[in-house]
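Asks: Have a look at the structure that comes next, please.
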Amino acid sequence: SSKNSTVTRLVFSFFLLLGTLVSVIMILPGMEAQLQQIPGFCQGGSTIPGLENHVNCEVIVGYKSVYRMCFAMTCFFFFFSAIMVRVKSSKDPRAAIQNGFWFFKFLILVGITVGAFFIQDGTFHTVWFYFGVVGSFIFIIIQLILLIDFAHSWNKIWVGNAEEGNSKCWFAGLLLFTFLHYALALTAVVLFYVYYTQSDNCTEHKVFISLNLIFSVIISIISVLPKVQEAQPQSGLLQASIISLYTMYVTWSAMTNNPNRKCNPSLLSTPTNAPGQVQWWDAQSIVGLVIFLFCTLYASIRSSSNAQMNKLMQTEEGGGGYGGEGEAGKDGVHRAVDNEEEEVTYSYSFFHFHLCLASLYIMMTLTNWYQPDTTTQSMQSTMPAVWVKISSSWLGLGLYLWTLLAPLIFPDRDFS
């Protein structure tokens, strides 16, 4: 008993989460030893013999399995992103493919996944690593957009409730969460300086931490300026605090990829030179997965009232035909309501592209952004991953700053 558009997004997100769960299981420590115990299952070598009842267990565990699983999900969502371009309403024949045929879609995903495990090692991992870096860079920006959208919606709802009644309670709640976010961000900065700048040659880390701290202070001040408040009544410290906290997380995530062990204490307990082994369950990876799950589910159920975010994410606040809960048919069964007969409530193509990038982000997160070494078959931490994350944090801060200043720079345009 829900809207068709919401149900469809949730099911596609479930496909993504299912692939993520499979990747997590395959990268768990000791998984290969468990598979070796199955009689006649594992066979050595560098490929998977297609006609024999044996598989290469070195390929279906560790980072190789994550790369292949995420490759399959990326191809799956990219395929749907391509065929759903410019779907305007549910009257388009392609909308039926988008909102139905789930069993066949699942078979397609399984088929692509099975085919991915037949890919030869060669340069596949090295090439796909760079695809993952670029895709993850874009996805981090999209995550920030979703967080900005969530913060705007959160602020609007609570301020609206405060204006309707019991204002002290709602404003106290806003103040509490704003203070909590800033406190966590400031605590993170202190811990960064303590643990990630111990050596004299950790200049990059000192610059990263200091710059992002300064940028966070700047956006916080700008968000409460009288002129900004006049042009953007919904802006406030709650949004700035969430963005500041997320920026500190990205900064932390970037510094954990520094190959310099003197500047990166997380490397001291991580076996980066063991073939196929990647310790993904460290703190920053777990936090990254939690943020990923939140943003994915939020993107599936969101119906934003923020005009700027709707334009950025190519969605509409309303849309379509009926909008209400599912109504019982002649057989008494409740079914999802088609609320897109007049126009779609979200861009089908962009939604799949978002999940395509999310698949690459999951791949990089589960492998700690380590780069495969084709000569030693191991995973190594690299500086390119550091710069990708840091630059994405700066671009994200710039994007949020733009949402604050755009109404002032272009007063003739509608930013309501």
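Numbering (UniProt numbering), first residue to last: 1 to 416.
By construction, the Cβ of each residue, glycine as well, lies at the ideal position given by its N, Cα and C atoms.
Fair warning: this is a prediction, and the values are worked out from it, not measured in the lab.
Can you tell me whether residue 168 is helix, strand or coil according to DSSP?
Replies: Residue 168: helix per DSSP, three-state reduction.
Asks: Does the region 206-223 come close enough to the region 136-153 that 3 or more CB-CB pairs lie under 8 Å?
Replies: no
Asks: In three-state DSSP terms, what is residue 265?
Replies: Here residue 265 sits in helix by DSSP.
Asks: Can you list, in chain order, the residues of its chain with a C-beta nearer than 6 Å to that of residue 46? Leave out the 5 residues immediately preceding and following it.
Replies: Model confidence at residue 46 stands at a pLDDT of 41, short of 50, so the residue's coordinates are unreliable and nothing is read from them.
Asks: Buried or exposed, going by whether 16 or more other CB atoms sit within 10 Å of the CB of residue 323?
Replies: The predicted model places residue 323 with a pLDDT of 40, which falls under 50 and marks its position as unreliable, so this point remains unresolved.
Asks: Which residues share a DSSP beta bridge with residue 93?
Replies: According to DSSP, which records beta bridges pairwise, residue 93 is partnered with nothing at all.
Asks: List the DSSP bridge partners of residue 259.
Replies: Its beta-bridge partners do not exist; DSSP assigns none.
Asks: Thinking C-alpha only, which one of 394, 222 and 360 is nearest residue 254?
Replies: 394
Asks: Grab me the residues of residue 227's own chain with a C-beta within less than 7 Å of its C-beta, minus the 5 sequence neighbours each way, in chain order.
Replies: 408
Asks: How would you write the range of the alpha helix (DSSP H) that residue 384 sits in, first residue to last?
Replies: 383-409
Asks: Does residue 16 pass the burial test, meaning 16 or more other C-beta atoms within 10 Å, or should it be called exposed?
Replies: buried
Asks: Do residue 371 and residue 208 come within 7 Å of each other at the CB atom, strictly closer than that value?
Replies: no
Asks: Are residue 235 and residue 244 closer than 7 Å when you measure CB to CB?
Replies: no
Asks: Which of the three DSSP states is assigned to residue 412 in this structure?
Replies: In the displayed model, residue 412 falls within coil according to three-state DSSP, outside both helix and strand.
Asks: Could you tell me which of 361, 7 and 73 sits nearest to residue 114, measuring between CA atoms?
Replies: 73
Asks: Can you tell which of 70, 265, 202 and 365 has the C-alpha that lies nearest to the C-alpha of residue 292?
Replies: 365
Asks: In chain order, what residues of the same chain have a beta carbon less than 8 Å from the beta carbon of residue 13, not counting five sequence neighbours either side?
Replies: 296, 297, 299, 300 and 355
Asks: Could you tell me the distance, in whole angstroms, from the CA atom of residue 349 to the CA atom of residue 107?
Replies: 21 Å
Asks: Evaluate residue 86 with the Cβ neighbour count: other Cβ atoms within 10 Å of its Cβ, from every protein chain shown; 16 or more gives buried, anything less gives exposed.
Replies: exposed
Asks: Looking at the secondary structure, which residues open and close the alpha helix (DSSP H) in which residue 67 lies?
Replies: 62-83
Asks: Compute the Euclidean distance between the alpha carbons of residue 265 and residue 218, then round it to the nearest angstrom.
Replies: 30 Å
Asks: Taking the beta carbon of residue 169 as the centre, do at least 16 other beta carbons fall within 10 Å, making it buried, or is it exposed?
Replies: exposed
Asks: Name the residue from 171, 166 and 263 whose alpha carbon lies nearest to the alpha carbon of residue 198.
Replies: 263
Asks: Please list the segments of the alpha helix (DSSP H) lying wholly inside the region 91-151, counting only runs of 4 or more residues, in order along the chain.
Replies: If we require 4 residues or more, the alpha helix (DSSP H) runs fully inside the region 91-151 come out as 93-99 and 102-116.
Asks: I need the DSSP call for residue 28, collapsed to helix, strand or coil.
Replies: coil
Asks: Suppose contacts are defined by Cβ-Cβ distances below 7 Å. Is residue 116 in contact with residue 78 by that definition?
Replies: The answer is no: Cβ separation not under 7 Å.
Asks: If you draw a straight line from the alpha carbon of residue 417 to that of residue 62, how long is it in whole angstroms?
Replies: No information on residue 417 is available, as it lies outside the stretch 1 to 416 that the chain covers here.
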